[in-house]
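Engineer: Be aware that the sequence shown starts at 4, since it is given in the working numbering, and climbs by one per residue.
Idealized CB from N, CA, C, for every residue including glycine.
Only a predicted model underlies this, so the values are computations on that prediction, with no experimental measurement involved.
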Amino acid sequence: MLTLGFPAAAFETNCFVLATGAGQECVIVDPGIGVVDQLSDVLREFRLRPAAVLLTHGHLDHVYSVTPVCRGEASAAYAAPGSEELTAYIHRDDRYRLRNPLAGIDAGLRYMLEAQFGRAATWTEPSEVIELTDGQQVSLAGLDFTVHHAPGHTEGSVMFSLATVPDQLAGQFASTLISGDVLFAGSIGRCDLPGGDERAMERSLATVVLPMPDDRLVLPGHGDLTTIGQERATNPYLRRLRT
4 MLTLGFPAAA FETNCFVLAT GAGQECVIVD PGIGVVDQLS DVLREFRLRP
54 AAVLLTHGHL DHVYSVTPVC RGEASAAYAA PGSEELTAYI HRDDRYRLRN
104 PLAGIDAGLR YMLEAQFGRA ATWTEPSEVI ELTDGQQVSL AGLDFTVHHA
154 PGHTEGSVMF SLATVPDQLA GQFASTLISG DVLFAGSIGR CDLPGGDERA
204 MERSLATVVL PMPDDRLVLP GHGDLTTIGQ ERATNPYLRR LRT
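1) May I ask you to report which of helix, strand or coil DSSP gives residue 185?
2) On the DSSP letters alone, give me the boundaries of the alpha helix (DSSP H) that residue 231 sits inside.
3) Can you check which of these residues, 19, 212, 35, is closest to residue 29 by C-alpha distance?
4) Compute the Euclidean distance between the alpha carbons of residue 11 and residue 40, then round it to the nearest angstrom.
5) For the beta strand (DSSP E) that residue 150 lies in, which residues bound it at each end?
6) Output the residue ranges of the alpha helix (DSSP H) runs that lie fully inside the segment 4 to 90 and measure 4 residues or longer, sorted by chain position.
7) Under a three-way DSSP split, which group does residue 158 fall into?
8) So, for residue 188: in the same chain, excluding its five sequence neighbours on each side, which residues have a beta-carbon less than 6 Å away from its beta-carbon?
9) Do residue 7 and residue 45 have their beta-carbon atoms positioned less than 8 Å apart in this structure?
10) Hey, would you say residue 158 sits closer than 8 Å to residue 96, going by beta carbons?
11) Alpha carbon to alpha carbon, how far is residue 144 from residue 50?
12) Can you give me the C-alpha to C-alpha distance between residue 123 and residue 130, rounded to a whole angstrom?
13) Please list the terminal residues of the continuous beta strand (DSSP E) segment that includes residue 1.
14) In or out: residue 59 buried (at least 16 other Cβ within 10 Å) or exposed?
15) Using the Cα positions of residue 5 and residue 127, report the straight-line distance between them to the nearest angstrom.
16) Residue range of the beta strand (DSSP E) that residue 143 falls in?
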């Protein structure tokens, strides 16, 4: 699996691009703030054709560029003429955030973001949105994703697992988890933001994360890559649940 990733300029949100190989269709995960140009460079370099956008949750720093990406702004230079808009996938419990992720944002921050990244004052959600459910299997661009609903950071936070790993890490890991803001290297997502619930997060960590295999590679929403085994052994939030 070709796995590419880079942090957005704002909040350092990781945006991932997954494909079976160069020159193929790809899936874009969490296109955050100001990533259109970076994403365009990645797509051009590896000759990738976007097939869909997956969203781990509806917070602004993970969905800010979803509409322009779905409209083809990141691939306009080489998309096929008349290409349809991409479909965005988000859990049904966070769908309301996609309708207006700017709601509740501090006016000063909103002004700064719009001035720096050019977002129109009125938010427009993608034309095609599919709502995800726990355990759902989604096949896109030749890749098979399993949806794991893991509320706590938001009501509709999800993680996506794949029974494959990045080509450069083949043989080292058995599978891959895109963890969004549920699990980070050495930490977890905040529960004090809109939609956060500490008890729900503890349940998600105990019943969704901890049962996963140690040799699963984790691609988090922020920060460095890690593994389930590493987090089971060292992450204080997971260690506390095991005592």
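Structural biologist: Per the coordinate set shown:
1) Here residue 185 corresponds to residue number 182 of the sequence shown, with the count starting at 1. Residue state, collapsed to three classes: coil.
2) Taking the sequence shown and counting its residues from 1, one reaches residue 231 at position 228. It spans 231 to 237 - the alpha helix (DSSP H) in which residue 231 sits, taken as one unbroken run.
3) The sequence position of residue 29 within the sequence shown is 26, counting from 1. When each option's Cα is compared against that of residue 29, the closest is 19.
4) For this step, residue 11 is matched to residue 8 along the sequence shown. For this step, residue 40 is matched to residue 37 along the sequence shown. Spanning the two alpha carbons is a distance of roughly 10 Å.
5) Residue mapping note: residue 150 aligns to position 147 of the sequence shown, counting from 1. Segment 146 to 152, the beta strand (DSSP E) holding residue 150.
6) 39 to 49, 63 to 66, 69 to 73
7) If you number the sequence shown from 1, residue 158 lands on position 155. Residue state, collapsed to three classes: coil.
8) Indexing the sequence shown from 1 puts residue 188 at position 185. 226, 227, 229.
9) For this step, residue 45 is matched to residue 42 along the sequence shown. For this step, residue 7 is matched to residue 4 along the sequence shown. Result yes, Cβ atoms of residue 45 and residue 7 sit closer than 8 Å.
10) Locating residue 158 in the sequence shown gives position 155, where the first residue counts as 1. Locating residue 96 in the sequence shown gives position 93, where the first residue counts as 1. The answer is yes: Cβ separation under 8 Å.
11) Start at 1 with the first residue of the sequence shown, and residue 144 comes out as number 141. Start at 1 with the first residue of the sequence shown, and residue 50 comes out as number 47. A straight-line Cα-Cα distance of about 14 Å links residue 144 and residue 50.
12) If you number the sequence shown from 1, residue 123 lands on position 120. If you number the sequence shown from 1, residue 130 lands on position 127. With a pLDDT of 48 at residue 123, under the threshold of 50, the predicted position of this residue should be treated as unreliable, though the coordinate-derived value follows. Answer to the nearest angstrom: the Cα atoms are 16 Å apart.
13) A question about residue 1 goes unanswered here, because the residues of the chain that appear run from 4 up to 246.
14) As a first step, residue 59 must be located in the sequence shown, where it is residue number 56. With 16 or more Cβ atoms within 10 Å of its Cβ, residue 59 is classed as buried.
15) On the sequence shown, position 2 is the one that residue 5 refers to. On the sequence shown, position 124 is the one that residue 127 refers to. Spanning the two alpha carbons is a distance of roughly 31 Å.
16) Taking the first residue of the sequence shown as position 1, residue 143 is located at position 140. Run containing residue 143: 140 to 143, per the beta strand (DSSP E) assignment.
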